[in-house]
Amino acid sequence: MIYGTGIRLPAEFFAPAKQTANAEFANRLRERMSEIRPLPTSQHGEKKTFMFRDLETSPYVFVRHNAIGGTLQPPYDGPYQDIQRGEKTFIIRVKDKGVKVSVDRLKPAFIVSEDIEHLERNAQAHDVFVPRKIFRPQSSEQAQQPDGDARAHYTTRSGRRVRFPVRFQAGLN
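The sequence shown begins at 0 in numbering that gives the first Met the number 0 and counts up by one.
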């Protein structure tokens with residue numbers, strides 16, 4: 000190192016530095032940069048609402064809750080009959096009144112024809128469709144047991160007999 004001279008890197012000892020401007024490279028770079036166009040921006044304010052295809056033809060619909068419910072509360076109410084259809088809203092019959100509901104809260108209800116008859120008969124009494132109970136006749140073995148013996152032990156659906164200890168049967172006798 001000599002006083003008054005700059006520090007040199009080892010590569011500079013063997014290869015001289017070329018600082019010549021390349022006009023052709025600059026012209027190509029300018030052309031490429033002029034060809035670049037910005038991408039179209041996204042429209043964050045326009046949300047597309049999901050709509051079921053069968054919603055246009057379904058005579059009955061379910062309505063989604065917009066509130067957080069309990070653990071056993073279903074997310075949809077209904078089925079309700081639709082009275083009038085619009086582009087963004089439907090008017091449905093809830094408790095014999097027309098209620099306007101947004102399309103994004105609706106889901107088509109696929110109901111068997113016998114359920115529709117049951118629903119129309121009970122439309123004035125109930126607001127929501129309740130399925131009918133299934134009647135299962137007792138087997139001949141259970142029907143022949145005397146009444147006193149039936150209280151002493153029970154038979155499960157799988158055929159096992161359940162016998163409760165005497166201390167738990169205080170209220171049954």
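For glycine and all other residues, C-beta sits at the position ideal for the given N, C-alpha and C.
From a predicted model like this one, the values you see are computed outputs, not experimental measurements.
Excluding five sequence positions before and after Ser57, the CB atoms of its chain that fall closer than 7 Å to its own CB belong to Pro107, Ala108, given in chain order. In this structure Phe61 is buried. Its beta-carbon is surrounded by 16 or more other beta-carbon atoms within 10 angstroms. Here Arg29 is not near Asn65, since their CB atoms are 8 Å or more apart.
With contacts defined by Cβ atoms closer than 8 Å, Val102 and Met50 form a contacting pair. Distance from the CA atom of Arg159 to the CA atom of Gly68, rounded to whole angstroms, is 38 Å. For Asp81, the closest of Pro37, Pro73, Arg92, Asn26 by C-alpha to C-alpha distance is Arg92. Taking Pro78 as reference, the option from Lys94, Tyr153, Glu86, Lys87 with the minimal CA-CA separation is Lys94. Following the DSSP letters along the chain, one finds Arg156 in no beta strand (DSSP E), marked with neither H nor E. Sequence-distant partners of Val100 (beyond 5 residues in either direction) whose C-beta falls short of 7 Å from its own C-beta, in its chain, are Val62, Thr88, Phe89, Ile91. Ile110 places its beta carbon less than 8 Å from that of Tyr59.
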